[in-house]
Amino acid sequence: MSFVSCRFKATNIVWNRDGSTRRYVNQAFTATKVSGSFLCPGSVTTAAGDASMLFH
């Protein structure tokens with residue numbers, strides 16, 4: 002079985018609190034490739050709201 006492994010790095014990601022909840026959602030950001038196969042894209046972009054964190 003073969004697979005492709007990609008590693009990306011993003012800096013200065015901004016998280017916004019979702020109302021008065023403990024959930025935070027991202028603003029749009031772009032991460033650049035730091036390692037991985039030549040099949041990996043040089044960068045990936047995440048739209049606002051596509052990532053979230055929830056604190057318990």
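Here the working numbering is used: position 1 in the sequence shown is 2, and no number is missing along the way. Virtual Cβ for every residue (Gly too), placed ideally from N, Cα, C.
Just so you know, the alpha carbons of G50 and H57 end up roughly 19 Å apart. When DSSP states are grouped into helix, strand and coil, T12 belongs to the coil group.
Ranked by Cα distance from L55, the options K10, V26, T12 are led by V26. Per DSSP, reduced to three states, the secondary structure at C7 is strand. When only Cα atoms are considered, A32 and T47 end up about 8 Å apart.
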